[in-house]
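Taking numbering that gives the first Met the number 0, the leading residue of the sequence shown gets 0, the next gets one more, and so forth.
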Amino acid sequence: MLSANLKKLSLVTMIILALLMTGCNSNADHTERGELEEREIEQQSVTNNDGSVQPVPSEAVSALERGLSYEQQGDLPQAIANYSQAIQLTPDYVEAYLKRGWAYRQQENWDKALGDFEAVIRLDPQNPAGYQQRGRVYVNKKEFIKGIADCSRAISLDQNNAEAHNCLAAAYVAKGEYERAITHSNKAIALNYDPLSWPYSNRGSAYMSLGKIDQAIDDYNEAIRLDPYFWDAYYNRGIAYFFKENYEQALSDFSEAIRVDANKSAAYTNRGWTYHQIGNYEQAIADYTEALRLEPEDASTYLNRSLAYEMQENIELAIADLEKALKLSDKPKTRRFIEGRLKELQGE
């Protein structure tokens with residue numbers, strides 16, 4: 000039989016829905032590519048160790064341009080090969096290191112990206128782009144202190160560096176320093192950061208973490224207006240509506256997130272939990288199952304599905320999912336909760 004207490008389960012007993020950090024994700028890179036290309040094509044000279052300046056050989060410039068063309072076509076391996084050729088021809092070619100590092104970031108090859116941005120800093124220590132891009136890699140790697148230091152250095156070299164302000168906002172959201180995140184989001188918005196949807200989304204996440212749900216929704220609305228295909232904004236707005244107990248709108252937003260990208264498990268998990276809250280356990284189980292197909296090692300989703308099975312009084316499947324969740328979870332509080340559910344269901 001069902002435990003009477005199970006019907007009273009709330010978010011406190013579940014894995015809390017997490018805000019998705021936005022702004023330094025590699026998915027945003029394509030929107031800024033034009034600015035980098037324009038700056039890089041303009042560089043036609045390099046500075047030697049003795050301070051003298053010499054033109055970049057035409058062969059190196061051609062290799063860089065070919066790399067840019069391949070990158071625009073989405074062929075990152077060929078782009079990297081041509082940037083590497085430009086570097087081989089001109090080892091001090093700062094812009095080629097920048098572009099290759101950028102391409103490595105899009106591949107999420109963080110170590111190689113770091114190496115290229117460190118080369119930029121070594122060759123041109125007053126160039127804010129090297130610090131800004133290295134900072135973004137550190138934030139992608141969740142090394143937030145290093146990322147904040149680098150992006151702050153970029154701003155010290157260029158107060159109007161919108162990208163560095165945006166990346167600081169994302170890092171401060173992740174570190175829980177929400178007022179600072181709002182300050183840097185405001186600055187990125189004032190500087191017309193491209194894409195402007197990102198600082199609105201970052202600021203929305205900061206507001207949500209401060210409990211200012213309506214202000215968060217306003218920012219997510221603007222982010223979606225600016226970019227109707229912005230997965231993060233739909234996902235986070237869905238969480239905001241969930242907290243307001245507006246389950247219909249939460250379901251709509253999680254469904255929109257799935258429409259934008261059907262390969263991210265989080266939207267299925269959270270749509271499943273929303274269905275769970277309104278008593279539609281069959282649909283909740285379907286969403287949890289799809290989330291597990293995408294992320295088969297997710298202990299929290301096994302736990303969620305077990306609770307849905309238990310509400311359907313399908314105790315055998317509930318126990319099976321709890322056992323899988325216990326095997327996968329490394330969180331002491333979650334493990335204790337799972338062990339308690341198992342003991343109750345097994346009649347111990």
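A virtual CB, placed ideally from N, CA and C, is assigned to each residue, including glycine.
{"query": "Nearest neighbour of ALA161, chosen from ALA173, VAL172, ASN185 [CA to CA]", "result": "ASN185"}
{"query": "Pair within 7 Å by beta-carbon distance, ALA266 and TYR234", "result": "yes"}
{"query": "Burial state of ILE144, where buried means 16 or more other Cβ atoms lie within 10 Å", "result": "exposed"}
{"query": "Residue of ARG104, ARG121, GLU244, ASN108 minimising C-alpha distance to GLN132", "result": "ARG104"}
{"query": "C-alpha gap between ALA78 and GLN345, whole angstroms", "result": "58 Å"}
{"query": "CB of ALA222 within 7 Å of CB of TYR199, strictly", "result": "yes"}
{"query": "Distance between GLN158 and GLU37 (C-alpha atoms, nearest Å)", "result": "In this predicted model, GLU37 has a pLDDT of only 41, less than 50, meaning its place in the structure is not dependable; the value taken from the coordinates is given anyway. The straight-line gap from Cα to Cα measures roughly 20 Å."}
{"query": "Completely contained alpha helix (DSSP H) runs for the segment 139 to 164, where each covers 4 or more residues", "result": "143 to 156"}
{"query": "GLY33 (DSSP reduced to helix, strand or coil)", "result": "Interpretation of GLY33 is limited by its pLDDT of 37, a score under 50 that renders its predicted location unreliable; no figure is taken from the coordinates."}
{"query": "Alpha carbon of GLY203 to alpha carbon of HIS164, nearest angstrom", "result": "15 Å"}
{"query": "Start and end residues, alpha helix (DSSP H) containing ILE277", "result": "First-last for ILE277: undefined, no H or E at that position."}
{"query": "Proximity winner among ALA85, PRO295, SER254, relative to VAL55 (alpha-carbon distances)", "result": "ALA85"}
{"query": "Continuous alpha helix (DSSP H) stretch holding GLN105: start and end", "result": "93 to 105"}
{"query": "Alpha carbon of ASN201 to alpha carbon of VAL172, nearest angstrom", "result": "7 Å"}
{"query": "Same chain, Cβ closer than 6 Å to TYR82, neighbours up to 5 away in sequence not counted", "result": "GLY66, ALA95, LYS98, ARG99"}
{"query": "Per-residue burial, ALA180 [other beta carbons within 10 Å of its own, 16 or more giving buried]", "result": "buried"}
{"query": "Alpha-carbon to alpha-carbon, LEU321 and ILE314", "result": "10 Å"}
{"query": "Environment of SER196 [buried if 16+ CB atoms lie within 10 Å]", "result": "buried"}
{"query": "Pairwise C-alpha distance: VAL119 and PRO76", "result": "21 Å"}
{"query": "Assigned exposure category for GLU178 - 16 Cβ within 10 Å defines buried", "result": "exposed"}
{"query": "Inter-residue Cα distance where the pair is GLU176 and PHE242", "result": "21 Å"}
{"query": "Per-residue DSSP class, three states only, for ALA266", "result": "helix"}
{"query": "Neighbourhood of GLY33 by C-beta distance below 6 Å, restricted to the same chain and skipping five residues each side", "result": "Unreliable positioning characterises GLY33 in this predicted model, as indicated by a pLDDT of 37, which lies under 50. A coordinate reading is not provided."}
{"query": "Under the three-state DSSP convention, the category PRO331 falls into", "result": "helix"}
{"query": "Where LEU209 falls: helix, strand or coil (DSSP)", "result": "coil"}
{"query": "Presumed contact (8 Å Cβ cut-off) between TYR287 and THR300, rounded CB distance", "result": "5 Å"}
{"query": "Cβ-Cβ distance between LEU341 and ALA324 below 7 Å", "result": "no"}
{"query": "Rounded distance between the beta-carbons of ALA285 and HIS275, thought under 8 Å", "result": "Wrong, their Cβ atoms sit about 11 Å apart, outside the cutoff."}
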